[in-house]
Each structure stands twice: as C-alpha cells, then as structure tokens.
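For the sequence shown, the residue numbers in full-length UniProt numbering are 1 to 101. Note that CB positions come from ideal geometry on N, CA and C, so glycine has one too. Only a predicted model underlies this, so the values are computations on that prediction, with no experimental measurement involved.
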Amino acid sequence: MNRGCIILWLIFGLLAITATFINLYMFGTGKDYKLAMAMGLSFTALTLVADYSMVSNWVKAEDWAALSDVVPTMEKAFWILTSIAILLNITPTLLELKNRK
C-alpha cells in the first residue's frame with residue numbers, strides 16, 4: 001500500500017507541475033486557461049492527500065524512523081511548493097483583472 005501512495009504522490013505531483021505550465025502557456029498565448037488552472041490546483045491538492053496517506057500508513061505501521069526523517073522536511077517543502085503552485089496558477093487571473101482596469 002505504501003508503494004502505491006508513493007507512486008500516486010509522484011504522478012499527482014508531476015501532473016500538477018505540467019498543468020500549471022499548461023495554464024501559464026495558455027494564458028500567454030491568449031487561450032482559455034481556466035480548466036488548466038483548475039487542474040493544476042486540483043492535482044496539487046491530490047498530491048498533498050497522497051502524501052498524507054503515505055504518512056498515515058507509516059503511523060499505522062509504527063514506522064517512527066520514517067516519520068521523524070521525512071515529515072519535518074516535507075512539511076516545509078509542501079508549504080513552500082503549495083504556495084508557489086497557488087501563486088503560479090492564479091497569476092493569469094490576477095493579470096487579467098489588472099488589465100481590465
């Protein structure tokens with residue numbers, strides 16, 4: 001089960017990054033970017049949920065070494081990366097609002 005969570009975490013993370021770049025590309029070319037934005041944010045959320053499942057499995061297995069090694073570092077990384085993902089995904093919307101004024 002833990003291997004499945006790791007694979008999901010990687011897949012969702014890569015899909016979130018890809019969707020975010022598609023979002024920015026579509027905005028840059030003047031195309032409708034809103035679906036790509038929603039996908040980028042959704043895959044970011046799914047990445048976090050997959051990681052939470054992985055941590056939950058470590059707790060169930062009482063793998064305290066894995067928890068103490070990984071969780072403190074991943075917490076900081078997830079805060080930073082999630083914040084960046086949100087900012088990158090909403091940038092087109094903010095720029096669009098700015099250009100309307």
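- Cβ neighbours of cysteine 5 within its own chain (closer than 8 Å, five residues either side excluded): Ala50, Asp51, Ser53, Met54, Asn57.
- Under the DSSP assignment, aspartate 32 falls outside any alpha helix (DSSP H); it carries neither an H nor an E label.
- The C-beta distance from threonine 20 to alanine 85 rounds to 6 Å, short enough to fall under 8 Å.
- Judged by DSSP in its simplified three-state form, aspartate 69 adopts helix.
- Scanning its chain for C-beta atoms nearer than 6 Å, with the 5 sequence neighbours on each side dropped, one finds around leucine 41 the residues Asn89, in chain order.
- As the crow flies, the alpha-carbon of leucine 10 is around 8 Å from that of threonine 47.
- Phenylalanine 12 has its alpha-carbon roughly 24 Å from the corresponding atom of lysine 31.
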